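Undergrad:
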Amino acid sequence: LVALLFTRGRGGRPLFSAAEALGFLARNRWALQPRVKKAAGLAGFFRKKVGAVAGPTDRLLRGVFGEATLRDTVKPVLVPCYDLSTGAPFLFSRADALETDGYDFLMREVCAATVGGAAGMRSVDGRTAIDAVDGGVAAGNPAAAAVTHVLN
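Each residue of the sequence shown is one higher than the one before, starting from 1 at the first, in this note's numbering.
(1) Give a yes or no on contact between the stretch 121 to 130 and the stretch 98 to 110, applying the rule of three or more CB pairs nearer than 8 Å.
(2) Cβ of Val147 within 8 Å of Cβ of Val77?
(3) Out of Gly55, Asp96, Arg108, which one is the CA nearest neighbour of Arg62?
(4) Checking 8 Å against the spacing of the C-beta atoms, do Phe92 and Asp83 come in under that value?
(5) Please report the straight-line C-alpha distance between Ser85 and Phe24, rounded to a whole angstrom.
(6) So, for Phe6: in the same chain, excluding its five sequence neighbours on each side, which residues have a beta-carbon less than 7 Å away from its beta-carbon?
(7) By a C-beta neighbour count over all protein chains shown, 10 Å radius and 16 as the cutoff for buried, is Leu106 buried or exposed?
(8) From the DSSP secondary-structure annotation, give me the bridge partner or partners of Ser85.
(9) Between the alpha carbons of Asp58 and Gly11, how many angstroms are there, rounded?
(10) Would you kindly work out how many angstroms separate the C-alpha atoms of Ala132 and Leu60, rounded to a whole number?
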């Protein structure tokens, strides 16, 4: 939702209004939250994928965000995920992206990292790599995560 509301669109305005974003999420909920087949279980959930996402989710996010990055947001944003490679929460941050090239990620990959499935990704310049999974895992207390991020 944050990505839809704050990624810069035409004329410097956000891509979607609140009503448009809600409609988009309602229409595309199954593509954004694909169900894991029972046979795959946890092994399928944690299997590393090539690229950020595959299939219809990738096409959908690529169509909406194109090559937009965290730097292309109209306001500061923090988007949580959990990094499987470090075993710690990771916050995608516009402030970090503006400060350091190594923290500027494609918005479509930021979205993929927070919708539940494991996603391997690299920053736009290739210096930072993470194995991201569901933002809910990392944001049990999003206010505390934001305050900690700002203080550090």
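Note that CB positions come from ideal geometry on N, CA and C, so glycine has one too.
Just so it is clear, the structure is predicted and the values come from calculations on it, not from any experiment.
TA: Put simply:
(1) yes
(2) no
(3) Arg108
(4) no
(5) 32 Å
(6) Pro14, Thr73, Val74, Lys75, Val77
(7) buried
(8) None, per the DSSP bridge assignment.
(9) 25 Å
(10) 19 Å
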